[in-house]
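Note sheet for the following structure.
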Amino acid sequence: MKETEKKRIVQAPFSGGSDLPGQVLSVELGEDEEVIWQWTHRPDGASVVTGYEVVKKTEEQSERSKK
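What the sequence shown shows, in my numbering, is residues 7 to 73, in sequence order.
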């Protein structure tokens, strides 16, 4: 991500409350980036976002985000 590029904060999908250990709450992305959320499914049945991968937008993703 370039220093002069606009950045945006993307909130993680709700996954049972922010008090769960290891939960990701948000990530900062550049205009040309998207996030893929990584989920952990706990023994008690809760699903928690515990990681993410930042990827460059494809042309198809860019067109969808404009709509």
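Quick reminder that beta carbons are idealized off the backbone N, C-alpha and C, glycines included.
Treat the numbers as computed from the prediction; the structure is a model and nothing was measured.
For the putative contact between residue i and residue j, defined by C-beta atoms under 8 Å, what is the C-beta separation to the nearest angstrom?
{"i": "V54", "j": "E39", "result": "No, V54 and E39 are not in contact; Cβ-Cβ is about 23 Å, not under 8 Å."}
{"i": "K12", "j": "E37", "result": "5 Å"}
What do you reckon, are the CB atoms on residue i and residue j nearer than 8 Å?
{"i": "A52", "j": "S32", "result": "no"}
Under DSSP, the beta strand (DSSP E) around residue i begins and ends at which residues?
{"i": "T64", "result": "Careful: T64 lies outside any beta strand (DSSP E) and carries neither H nor E."}
{"i": "E39", "result": "39-47"}
{"i": "S21", "result": "Counting along the chain, S21 falls outside any beta strand (DSSP E), and DSSP gives it neither H nor E."}
By DSSP's criteria, residue i is part of a beta bridge. Which residues make up the other side?
{"i": "K12", "result": "For K12, which the question treats as bridged, DSSP gives no partner whatsoever."}
{"i": "G36", "result": "K13"}
{"i": "G77", "result": "Within the shown structure, residues of the chain are numbered from 7 to 73, placing residue 77 beyond reach of any answer."}
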